[in-house]
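In what follows, a single structure is set out as structure tokens and then discussed.
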Amino acid sequence: MKQEQPLLDVRHLKTYFHTENGTVPSVEGVSFQINKGEVVAIVGESGCGKSVTSYSIMGLVKSPGKIEAGEVLLDGTDLTTLSKRQMRKLRGNDMSMIFQEPLTSLNPLFTVGFQISEVIVLHQDVTKKEARQKTIEMIEKVGIPNAEKIYSNFPHQLSGGMRQRIMIAIALACNPKLLIADEPTTALDVSIQAQILDLMKKLRKELETSILIITHDLGVVAEMVDRVVVMYAGKVVEEGTVYELFRDPKHPYTKGLLESTPKIHERKDELYSIKGTVPTPANMPKGCSFSPRCAFAGDKCREQQPELVQVNSGQKVSCWLHEEGEVSLHEQKQTAAT
Amino acid sequence: MKRYLIRRILQVIPVLLIISFIVFSLVFLAGNPVALMLPEDASQEQVEALTESLGLNEPFYVQYGMFLGNAVQGDFGQSYRYNQDAMSIVLERLPQTLELAAVSMLFATIIAVPLGIWSASKQNSFVDVFATGASVLGKAMPNFWLGIMLILLFSVNLSLFPVSGRGSFMHIVLPAITLGTAIAAEMTRLIRSNMLEVMQQDYVRTAQSKGQKDSVVTYRHAFKNCLIPVVTIMALQTSSLIGGALVTEVVFAWPGMGQLLVQAVNARDMAIVQACVFVIAIAVIAMNLVADIVYRLIDPRIKYD
Amino acid sequence: MSVNISAQTEAPREEEFEVSKRPNQLRRWAKLLLRSKTGTIGMLIVLSVCFTAVFAPFLAPYEPDAMNAANINVPPMWLDGGSSAHVLGTDSLGRDMLSRLIYGSQVSLIIGVFSVIVAGIIGLAMGILAGYYGKWIDNLVMRVVDSFLAVPNILLILVILGIFGSNMLTLILVLGVTNWVIYARLVRSEVLSLKERDFIRAAKSIGTKDSTIMLKHILPNVFSSFIVISTLSVATTIILEASLSFLGLGIQPPSISWGYMLSSGRDYLATSWWLATFPGLAITFTVLGIIFLGDWLRDVLDPRSQGRK
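Protein chains in written order, with our numbering: chain A, 1 to 338; chain G, 1001 to 1305; chain B, 2001 to 2309.
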């Protein structure tokens, strides 16, 4: 289903970390698209490369990490070919980012007002007064009352939820086309989580921003996402709309993730958990990287790496089980159990 | 703020009391100084009379009490060599020592801040290896030896700077480099390791994600945060800075407190020694207080009570 | 029952710190050392200086005090007028520089090591007392620590030596007595955090004597940071001793000290530069080695410093 040009088109992205103990391929050929106005989530366990993917898009991968190959097209421009200076012009302006830890993501020595206006002054041609006015508008926009007073507060005077709102204000101050949110609610109280998600949903409509959410929380996914990219050990294993994915996960890993999330209407005595852990680069299996933990793995899985293939209109999966036409996992499971 | 300051100043009192006790005990153990104060041909009666009038026959605690009473008024007795109030002699020399310390500190800061930041931002580069190596070498070299080597090179061989003394700007160059090198070595190391830590912080990443220039990220966001531990630790080093200044002064015959003190110790001019110790102790304590206030000004998280 | 209890309280101690003196540990340490370039260099320098000090009589080509009026201020062999008889030249009394430098290592090492031991013992005792008992003892000790911090070390040492005169023993004692503060502060803060740890609480709760807890449980746990500080402190003490000799209050002749050699060489700066230069190089070289070794020890022993350099 070809549409107009996607806002973000990541193609075969590879980001490696060259450490003293060898090269770690954190992101190993990841491809996905985000269309204008769309909310996409990357989900996966910690260490699967989802954060590194987002830093690669922003051009914030720190040494010894390096983008080895692939393209990151934002509105048709390949970000990996831009100079540092050109990247700086985009960062905070066309695309911006919020992080997991609101407690440490704000500089403790500057007022929150300064930290918001900093990005406005940087990218827009405004006077100091206008920047201040705009900052106060942004503080109000993210739902903090008393904006005038908050402007001159320091981060330590605000709660975690408030600080995350300030981070959102910084990220959206220049009305970016793309917002990347790296685990935006993980560090917050449950009640605050919902508020922050609501705020992001509201602002997204208002500002027509596309959002890439990095998360391992399927609750967040169900709440606000259009499409989901599932990553495992540096690769995309499945991609689909949220509806398709929740209703009919194709990859055994996705299925495992879904089953390990508690649901209120089907109480179980014991929660499902995927056995084993994410393989380290040193003992990466030869074939499908999920094969050692997969209940359905066959000889082929252990030998050859499957490709990401389209299985129906919106869903892609990288699994040998789906190579020869669609097979339901439910049936597979029964055969495997017997 | 006021209350905090008052409390800090009150904490100083026991410290000064302990110092006074230690110094007084040492001088007391040194024995009767009267013989030094009188001409060599003084009679036994004259010695006894002076001993009596100085109260040196009294028991330890009475003498200590007297010493404290006078010390509070800034009176540490007469220097027998100068026949003058010891405190006023010391205070005459204080500005010269402060001048040397300040210029050295300036020199060290000019060297250490860029070097520390640069080597932290380019870890394992040539600059970093150079900076780390130089700072270890600066620590390993005896300060006075560096001074002598500078004299050998710049005064004896190249005749660029005067060998010793104080007067023109040229006079302060070598002593300031000597003392400044020691400070710079420590400062560079501190700034480097703290910058490395700060550069890993989330707020630095936030600043980068705003599209801010590397130089602004480094100086505005990272360096300001790195200043807090650096200022604190440098203030704790004030005392060794002054110690270094004392030795440097002797190397270059710089007419400050260090030279005065070494001469006084050799001549057993205890009034001057005691006055020096107190002035230096108060200077160190004052520096720590100033540093404390400075980093409270930098860091809004610290409250004053 | 009592046997059981003591076994239980011993157990965590062994887990907390594995003091590595067993032979198979030696190889592990050697491996760790070789992995660090500066650590290896430091160890080599320190070993060679120790070797020089111990075997000085065999290494020195001349008696260090042998004067020769006909042969004064001879330059090093590679300069005009130098000869291979005196590799590093001779001083103003015609004594062989190399021999004097070799013997000078003895004084530096003896004073450096022993004064650190004195300082360490005082500091360790004060730190443990202050940290463990807290309250007024802590207050008193910390005020004394503050007082010592407010007076530059060298100043206090000058005053004491000025009054009592200086020889090897007083020098060691004075350097020790003025240097204990850093140990006290370190040990106190370690003890404060250790005190809240479970194995100390367990020991306390079963009524172990305070002295036993301090000696058997706390002392071994502060050991590694103690070793690190001590090593680096030997370096600063050697410099301090040289400074005192330079000021005329250190080791007196006929003992040979690098600092004294340096300061007497200063008078001949215009004509015989090597007299002041070589002793300074010897000090720098030795101190550099100790700093390298100490930094490596810190990286290896102190988990908190990992990742930082």
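Yeah, the Cβ is synthetic: ideal placement off N, Cα and C, and Gly gets one too.
Predicted model only: the values in this text are computed from it and were never measured.
Practice item. Indicate whether at least one CB of chain G lies closer than 9 Å to the CB of residue 2040(B). Key: Working through the third sequence from its first residue, we reach residue 2040(B) at position 40. So, not an interface residue.
- Under the three-state reduction of DSSP, which class applies to residue 1171(G): helix, strand or coil? Translated into the one-based positions of the second sequence, residue 1171(G) becomes position 171. In the structure shown, residue 1171(G) sits in a helix (DSSP, three-state: H, G or I).
Comparing the C-beta of residue 1141(G) with each C-beta of chain B, is any distance below 9 Å?
Residue numbering aside, residue 1141(G) sits at position 141 when the second sequence is read from its first letter. Chain B, which has a Cβ nearer than 9 Å to the Cβ of residue 1141(G), makes this yes.
What are the boundary residues of the beta strand (DSSP E) that includes residue 1007(G)? To locate residue 1007(G), count along the second sequence from 1; it is residue 7. Taken as a continuous stretch (DSSP letters only), residue 1007(G) belongs to no beta strand (DSSP E), being part of the alpha helix (DSSP H) at 1002-1030.
- [ ] For residue 1253(G), name the three-state secondary structure that DSSP assigns.
- [x] The sequence position of residue 1253(G) within the second sequence is 253, counting from 1. Correct three-state label for residue 1253(G): coil.
- prompt: Would residue 1273(G) count as contacting chain B if we go by Cβ distances under 9 Å?
  reply: Stepping through the second sequence from its first residue, residue 1273(G) is reached at position 273. Closer than 9 Å to some Cβ of chain B, the Cβ of residue 1273(G) qualifies, so yes.
Practice prompt. Check each residue of the stretch 176-199 of chain A: if its Cβ is closer than 9 Å to any Cβ of chain G, include it; give the result in chain order.
Written response: 180
- Query: So, does the CB of residue 2233(B) fall closer than 9 Å to a CB anywhere in chain G?
  - Reply: The residue labelled residue 2233(B) in the question sits at position 233 within the third sequence. No, because no Cβ of chain G sits closer than 9 Å to the Cβ of residue 2233(B).
Helix, strand or coil: how does DSSP classify residue 2144(B) here? The residue labelled residue 2144(B) in the question sits at position 144 within the third sequence. Correct three-state label for residue 2144(B): helix.
Problem - Cβ-based burial, residue 1072(G) [other Cβ within 10 Å; buried from 16] - result: The residue you call residue 1072(G) lines up with position 72 of the second sequence. Classified as exposed, residue 1072(G) has fewer than 16 neighbouring CB atoms from the shown chains inside 10 Å of its CB.
Original post:
The alpha helix (DSSP H) with residue 2318(B) in it runs from where to where?
Top reply: Residue 2318(B) falls outside the range modelled here, since chain B spans only 2001 to 2309, and no answer is possible.
Q) Leaving out five residues before and five after residue 1284(G) in sequence, what residues of the same chain have Cβ atoms less than 8 Å from its Cβ? A) The count along the second sequence starts at 1 and reaches residue 1284(G) at position 284. For residue 1284(G), where only same-chain residues beyond five positions count, the Cβ hits under 8 Å are 1238, 1239, 1242.
Check whether chain G comes within 9 Å of residue 2150(B), counting only Cβ atoms and requiring the distance to be less than that. Here residue 2150(B) is taken as the residue at index 150 of the third sequence, counted from 1. Using a Cβ-Cβ cut-off of 9 Å, residue 2150(B) counts as an interface residue toward chain G, since at least one Cβ of chain G sits closer than that to its own.
- Message: Looking at residue 179(A): is its Cβ nearer than 9 Å to the Cβ of residue 160(A)?
- Response: Along the first sequence, one-based indexing puts residue 179(A) at 179. Along the first sequence, one-based indexing puts residue 160(A) at 160. Result no, Cβ atoms of residue 179(A) and residue 160(A) do not sit closer than 9 Å.
Find the residues of chain A that neighbour residue 1301(G), judging by a C-beta separation of less than 8 Å, and give them in chain order.
As a position in the second sequence, residue 1301(G) is number 301, starting the count at 1. Ordered by position in chain A, the residues that pass the 8 Å Cβ test against residue 1301(G) are 108, 154, 156.
Chain G contact for residue 92(A) (CB, 9 Å cutoff): Your numbering for residue 92(A) matches position 92 in the first sequence. At least one chain G Cβ lies under 9 Å of residue 92(A).
**Prompt:** So, is the C-beta of residue 1203(G) closer than 9 Å to a C-beta in chain A?
**Reply:** Locating residue 1203(G) in the second sequence gives position 203, counting from the first residue. So, interface residue.
Would residue 1104(G) be called buried (16 or more neighbouring beta carbons within 10 Å of its own) or exposed? One-based indexing of the second sequence puts residue 1104(G) at position 104. When all chains shown are included, residue 1104(G) counts as buried.
* Close beta carbons around residue 1288(G), own chain, < 6 Å, minus the five adjacent residues each side -> Taking the first residue of the second sequence as 1, we reach residue 1288(G) at position 288. Closer than 6 Å at Cβ, skipping near neighbours: 1235.
At a CB-CB cut-off below 7 Å, which residues of chain G make contact with residue 97(A)?
Taking the first residue of the first sequence as position 1, residue 97(A) is located at position 97. 1209, listed in chain order.
key: Nearest-angstrom Cβ-Cβ length linking residue 1030(G) and residue 1112(G), presumed shorter than 8 Å   = Taking the second sequence and counting its residues from 1, the one referred to as residue 1030(G) is at position 30. Taking the second sequence and counting its residues from 1, the one referred to as residue 1112(G) is at position 112. About 41 Å; that fails the 8 Å criterion.
* Since residue 2288(B) contacts residue 1137(G) with CB under 8 Å, what's their CB separation in whole angstroms? -> Indexing the third sequence from 1 puts residue 2288(B) at position 288. Indexing the second sequence from 1 puts residue 1137(G) at position 137. Contact holds; Cβ gap of about 7 Å.
*Does DSSP classify residue 4(A) as helix, strand or coil?*
Here residue 4(A) refers to the residue found at position 4 when the first sequence is read from its first residue. Three-state result, residue 4(A): coil.
Self-check item: Neighbourhood of residue 1068(G) by C-beta, 7 Å cutoff - its chain only, sequence neighbours within 5 removed
Solution: One-based indexing of the second sequence puts residue 1068(G) at position 68. Result list for residue 1068(G): 1020, in chain order.
* Chain-ordered chain G contacts of residue 104(A) [CB-CB under 8 Å] -> As a first step, residue 104(A) must be located in the first sequence, where it is residue number 104. Going along chain G in sequence order, the residues near residue 104(A) (Cβ under 8 Å) are 1201, 1202, 1203.
- Taking 8 Å as the cut-off, is the CB of residue 91(A) close to at least one heavy atom of the ligand PLP? For the structure depicted, the ligand PLP is absent and the ligand set is empty, with no information on it obtainable.
Mind checking if residue 2273(B) is an interface residue toward chain G, Cβ cutoff 9 Å exclusive?
Start at 1 with the first residue of the third sequence, and residue 2273(B) comes out as number 273. By this cut-off, residue 2273(B) is an interface position.
Query raised in the report: Using the C-alpha atoms, what's the distance from residue 2224(B) back to residue 2217(B)?
Result: Residue numbering aside, residue 2217(B) sits at position 217 when the third sequence is read from its first letter. Residue numbering aside, residue 2224(B) sits at position 224 when the third sequence is read from its first letter. Between the alpha carbons of residue 2217(B) and residue 2224(B) lies a distance of about 14 Å.
Contacting residues, own chain, Cβ-Cβ under 7 Å from residue 1295(G) (five flanking each side not counted)
What you label residue 1295(G) is simply residue 295 of the second sequence in a count that begins at 1. Excluding residues within five positions, the ones whose Cβ falls inside 7 Å are 1228, 1231, 1232.
Segments assigned alpha helix (DSSP H), at least 4 residues, entirely inside the stretch 1089-1149 of chain G:
The stretch 1089-1149 of chain G contains these whole alpha helix (DSSP H) runs: 1126-1140.
query = Going along chain G, which residues have a C-beta under 8 Å from residue 2159(B)?
reply = Here the question's residue 2159(B) lines up with position 159 in the third sequence. The contacting residues are 1023, 1026, 1265, 1273, 1277.
_Can you tell me whether residue 2075(B) is buried or exposed? The criterion is at least 16 other CB atoms within 10 Å of its CB, across all chains shown._
Indexing the third sequence from 1 puts residue 2075(B) at position 75. By the 10 Å Cβ count, residue 2075(B) comes out buried.
For residue 1046(G), which three-state DSSP category applies? Position 46 of the second sequence holds residue 1046(G). Three-state result, residue 1046(G): helix.
**Q.** Spatial distance of residue 290(A) from residue 186(A) (CA atoms)
**A.** Locating residue 290(A) in the first sequence gives position 290, where the first residue counts as 1. Locating residue 186(A) in the first sequence gives position 186, where the first residue counts as 1. Distance from the CA of residue 290(A) to the CA of residue 186(A), rounded to the nearest whole angstrom, comes to 25 Å.
Compute the beta-carbon to beta-carbon distance between residue 2173(B) and residue 2118(B), rounded to the nearest angstrom, for a pair I have assumed lies under 8 Å. On the third sequence, position 173 is the one that residue 2173(B) refers to. On the third sequence, position 118 is the one that residue 2118(B) refers to. About 6 Å separates the two Cβ atoms, so the contact holds.
| request: Put residue 151(A) into one of helix, strand or coil per three-state DSSP. | output: Working through the first sequence from its first residue, we reach residue 151(A) at position 151. Three-state DSSP puts residue 151(A) in a helix.
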